[in-house]
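Read through the structure below, which is laid out as structure tokens, and then see the notes.
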Amino acid sequence: MPARLLFVIGLAVAMAACATAPSSLPASSTAPSAVAVALRTWVPSSPEACPQARTEGILVRQPQSGAGLRDNAGAVWQVIWPTDYTARDEGVRLVVLDGGGNVLAREGDRVEIGGQDVGGGTRLGCGGMRVVTP
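Using our numbering, the letters of the sequence shown correspond one by one to residues -14 to 119.
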């Protein structure tokens, strides 16, 4: 009997621990959820395979590569991103992250990234990305 009582008490404690805490958000508000966005990526064969030329543009959504760059003339280039880059849609803006999960830039930011024009409206991106202040 004591073993059964201990089991019931232990079960009650475990169930109480699993209960969700009340949210501090009002019932009518919901937190936006981030949705992964697939990026077109590449793996350089060696560090020397990454061209060191820099390109600059506004970070935008781009259907073929997930995220691209709009140049000063208004043309949108798809970017083949470094392999460890990821992106997510945070409901309002697209966000590009490095391999460590650090936000590098948000949609609408002017950015600079290493790489080169590989033709067909495509830029090979490598060498790190940074936000450029206007």
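Just so you know, even glycine gets a beta-carbon here, dropped at the ideal spot from N, CA and C. Note that the coordinates shown come from a computational prediction; the quantities given were computed from them, not determined experimentally.
Contact check between the region 56 to 66 and the region 84 to 96: fewer than three CB pairs, one atom from each, fall below 8 Å, which does not count as touching.
Considering only 55, 84, 118, the residue with the shortest C-alpha distance to residue 111 is 84.
Non-local C-beta neighbours of residue 35 in its own chain, meaning closer than 7 Å and more than five positions away in sequence, comprise 29, 99, 111, 112, ordered along the chain. Annotation for residue 101: the continuous beta strand (DSSP E) segment containing it runs 95 to 104.
If you look at residue 71, you'll find it in the beta strand (DSSP E) that goes 71 to 74.
Sorting 104, 43, 69 by C-alpha distance to the C-alpha of residue 87 places 69 at the top. The alpha-carbon of residue 22 is positioned some 7 Å away from that of residue 71. Residue 116 and residue 104 have their alpha carbons spaced roughly 24 Å apart. In this structure, DSSP gives residue 36 a state outside helix and strand, which the three-state scheme calls coil. Distance check between residue 51 and each of 25, 109, 18, 20 places 25 closest, using alpha-carbon atoms only. Annotation: the continuous beta strand (DSSP E) that includes residue 63 extends over 61 to 67. Membership of residue 51 in the beta strand (DSSP E) is indicated by the continuous run 51 to 55. Take residue 78, set aside five residues on each side of it, and the residues of its chain with a beta-carbon closer than 6 Å to its own are 91, 92, in chain order.
For the pair residue 81 and residue 114, the CB atoms are nearer than the 8 Å cut-off.
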